[in-house]
Amino acid sequence: MLFCCQEDPIMEKHIQAHSSAVLSLSFNSDGSQLASGCKHGSVKIWKLGEKWTCLAFKDDESAVHCVRFTPCGRLLASSSGSYVKLRIPDRQSDYWAFKAHSLTIRCIQFSPDGCNMATCSDDRSIKVWAINRFNKHKFLYSLTEHNNWVRYITYSLDGDKLVSCGDDSLVKVWDLNTKSCMSSLEGHNGIVKCVNFHPNGYSVASASNDNTVRIWDIRKNKCVQVLNVVIGSVNCLQFHKTGKYLACAVNDGTLKLFDVVDARLAYTLHGHQGQVHCLEFSRDGNILCSGDSIGKILFWRTNFKQESQRLLSPTVILSQRDEWPENRHKRHNIQIQKKDLALSAEQKYRSSSRLRSSRSRSIEQSPVLVATPKRLPREHQPPRLHSRRSSPPKNSIIRTNHCQDSPKRSIGVDNQQSNQSIIKIEGAMQQMLEQMALLTETMTLMEKRLTRMEKKVYDSIG
211 MLFCCQEDPI MEKHIQAHSS AVLSLSFNSD GSQLASGCKH GSVKIWKLGE KWTCLAFKDD
271 ESAVHCVRFT PCGRLLASSS GSYVKLRIPD RQSDYWAFKA HSLTIRCIQF SPDGCNMATC
331 SDDRSIKVWA INRFNKHKFL YSLTEHNNWV RYITYSLDGD KLVSCGDDSL VKVWDLNTKS
391 CMSSLEGHNG IVKCVNFHPN GYSVASASND NTVRIWDIRK NKCVQVLNVV IGSVNCLQFH
451 KTGKYLACAV NDGTLKLFDV VDARLAYTLH GHQGQVHCLE FSRDGNILCS GDSIGKILFW
511 RTNFKQESQR LLSPTVILSQ RDEWPENRHK RHNIQIQKKD LALSAEQKYR SSSRLRSSRS
571 RSIEQSPVLV ATPKRLPREH QPPRLHSRRS SPPKNSIIRT NHCQDSPKRS IGVDNQQSNQ
631 SIIKIEGAMQ QMLEQMALLT ETMTLMEKRL TRMEKKVYDS IG
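Numbering-wise (our numbering), the sequence shown opens with residue 211 and increments by one.
Right, dumping it as structure tokens:
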């Protein structure tokens, strides 16, 4: 698919929202309201439009590590110490509070249907609660396999899975139907501060203070990309709705937008004067807001063209030695199939030669379509097969239209013609493989040069 040219993201507005660090942001379902929470305990709800209005709530001095709208926008949840507070976001009213954990709550998330709420805390536990339409809560169960503080949690789009991360450097995937841990993903060398599900439902991004962002395939429990931020740890991240871009809030005061399809840094957004602690995309993906350590919130227009608004998945970037064994097996099988197809084509050529020499029957032959792999590195070519097969593999594509049934094998064989046919086919295939390998090497060199150029540009700007 061809993408139209698009403008760079631009900053549309900035506000001095709080007198202390902005720790959390949340859009409501239609993007008309934005909630923010700060280090000194205040929660503000901003009504966006031609005339901006603000509702401010200050309940105590505990830091508000998380604010979160329900999927329908009916309620706003916020954390305050070990308590969860629920309030109606469109009026100045009292809140409903309950003690959810024994220590500080770091994150609150609602399930996609809005019926359940999950919380995580410094007490190393994740708790799931039921929230009914009368704003009543009920404890359901706990998930307790982390060995340190749990920093962040997020639901999958179908609501069947939950991903968590924490100070034990682990990313854990939970099956909410069985209430058990499906897998623990290891790879980060520091505290994992944030996780986020890709819209495809099986890719997960995690941010750490080891200056890296990792993208995981939870079907294989493998890391498929490692994105190096170079300077500063990543405090928060979120995928764009199309799945093509991943936004990261970095301690160096920048926002970085990674293109996970091309596995490269696409944009670096400057504007904050302090560390960027949080960010949030609007539901339609047109607005990205970010909050920093001096209380400012910046609003960015993404300018992603509508022609590119389709779901894209992260590209798998793995070395040969890290490649999954089943993929290596499939690639080897493709090579064997290609050799079998060549031998089958050679047999058809010999059969038609014998028919023409005997003039016993007439036969009309159709072209042979050979399915070849998209990329086949030279070092992984299998040894040539000298055995001849009577029929091609099941997955191969061969079309023939015979006016009559093929005759039985003739005893005489023209060895010279068959040898020439094999040599021609093998020579053509070898040339194709060499060209593919050369293209692969060229692309690798171009990617390395692009990385060096981006680093030089970054150094010159910094």
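All C-beta atoms, glycine included, are put in the ideal place defined by N, C-alpha and C.
Would you kindly report the start and end of the unbroken beta strand (DSSP E) that includes residue i?
{"i": "E490", "result": "V486 to F491"}
{"i": "Y412", "result": "Y412 -> no beta strand (DSSP E), and no H or E assigned at all."}
{"i": "I336", "result": "I336 to I341"}
{"i": "A310", "result": "That residue, A310, is in no beta strand (DSSP E); it is neither H nor E in DSSP."}
{"i": "T329", "result": "N326 to S331"}
{"i": "H224", "result": "I220 to Q226"}
{"i": "H250", "result": "Run containing H250: none; DSSP gives neither H nor E here."}
{"i": "R429", "result": "Unbroken run through R429: none, as it is neither H nor E."}
{"i": "A457", "result": "Y455 to V460"}
{"i": "I497", "result": "I497 to D502"}
{"i": "A476", "result": "R474 to H480"}
{"i": "D378", "result": "Unbroken run through D378: none, as it is neither H nor E."}
{"i": "D469", "result": "T464 to D469"}
{"i": "K506", "result": "K506 to R511"}
{"i": "L447", "result": "V444 to F449"}
{"i": "S208", "result": "Past the edges of the chain, shown from 211 to 672, lies residue 208, and the structure says nothing about it."}
{"i": "S234", "result": "V232 to F237"}
Pop quiz: residue i and residue j are said to be a contact at Cβ under 8 Å. What is the actual Cβ separation, rounded to whole angstroms?
{"i": "S239", "j": "C282", "result": "6 Å"}
{"i": "G463", "j": "Q485", "result": "6 Å"}
{"i": "V414", "j": "V381", "result": "7 Å"}
{"i": "S321", "j": "G251", "result": "Not confirmed; about 27 Å, so no contact."}
{"i": "L350", "j": "V338", "result": "5 Å"}
{"i": "E664", "j": "L475", "result": "6 Å"}
{"i": "E217", "j": "N513", "result": "4 Å"}
{"i": "S272", "j": "G247", "result": "The pair is not a contact, with the Cβ atoms about 10 Å apart (cut-off 8 Å)."}
{"i": "A245", "j": "L286", "result": "6 Å"}
{"i": "G411", "j": "K451", "result": "Contact doesn't hold; Cβ gap of about 13 Å is too wide."}
{"i": "V471", "j": "P524", "result": "7 Å"}
{"i": "L498", "j": "A457", "result": "6 Å"}
{"i": "C317", "j": "Y362", "result": "5 Å"}
Whose CA, out of the options, lies closest to the CA of residue i?
{"i": "W306", "options": "V294, T422, C317 and R424", "result": "V294"}
{"i": "C276", "options": "V373, L395, H487 and N357", "result": "H487"}
{"i": "I315", "options": "S229, G291 and G324", "result": "G291"}
{"i": "G453", "options": "N406, M653 and N629", "result": "N406"}
{"i": "C325", "options": "L313, R284, M639 and R334", "result": "R284"}
{"i": "H398", "options": "C433, P524, C248 and L475", "result": "C433"}
{"i": "K346", "options": "L296, D472, C248 and T654", "result": "L296"}
{"i": "M221", "options": "F509, L649 and A638", "result": "F509"}
{"i": "I428", "options": "L372, C317 and S312", "result": "L372"}
{"i": "C404", "options": "E657, S631 and S234", "result": "S234"}
{"i": "P219", "options": "C317, L465, S335 and V402", "result": "L465"}
{"i": "M327", "options": "A340, I336 and N438", "result": "A340"}
{"i": "L522", "options": "H480, S331 and Y455", "result": "Y455"}
{"i": "S416", "options": "L447, K389, L479 and M392", "result": "L447"}
{"i": "I298", "options": "K666, K389 and V253", "result": "V253"}
{"i": "S331", "options": "K309, N342, R343 and K348", "result": "K309"}
{"i": "K249", "options": "R511, V667, Q640 and G501", "result": "G501"}
{"i": "A231", "options": "D333, I507, I633 and M656", "result": "I507"}
{"i": "S394", "options": "Y365, H408 and N357", "result": "N357"}
{"i": "P409", "options": "R493, L479 and N431", "result": "R493"}
{"i": "R334", "options": "T650, S503, S374 and D385", "result": "S374"}
{"i": "H480", "options": "M642, I671, E396 and R659", "result": "I671"}
{"i": "Q319", "options": "I635, F279, F449 and L489", "result": "F279"}
{"i": "N431", "options": "E396, V402, T329 and S379", "result": "E396"}
{"i": "N387", "options": "L353, S379, N438 and E644", "result": "L353"}
{"i": "K348", "options": "T478, T364, L648 and T329", "result": "T329"}
{"i": "W426", "options": "V383, F491, L467 and N342", "result": "V383"}
With respect to 6 Å, is the separation between the Cβ of residue i and the closest non-hydrogen atom of the ligand FAD below this value?
{"i": "L498", "result": "Annotation note on the ligand FAD: not contained in the displayed structure, which lists no ligands."}
Of all the CB atoms in chain C, is at least one closer than 7 Å to the CB of residue i?
{"i": "A638", "result": "Structure shown: chain C not included; a single protein chain is present."}
The stretch 263-277 contacting the stretch 302-316, beta-carbon criterion three pairs below 8 Å: yes
Runs of beta strand (DSSP E) lying entirely within the stretch 340-372, each at least 3 residues, in chain order: 347-353 and 360-365
Segments of 3+ residues assigned as beta strand (DSSP E) that fall wholly inside the stretch 247-300: 252-257, 263-268, 277-279, 286-290 and 293-297
The stretch 436-452 touching the stretch 408-426, judged by at least three CB pairs closer than 8 Å: yes
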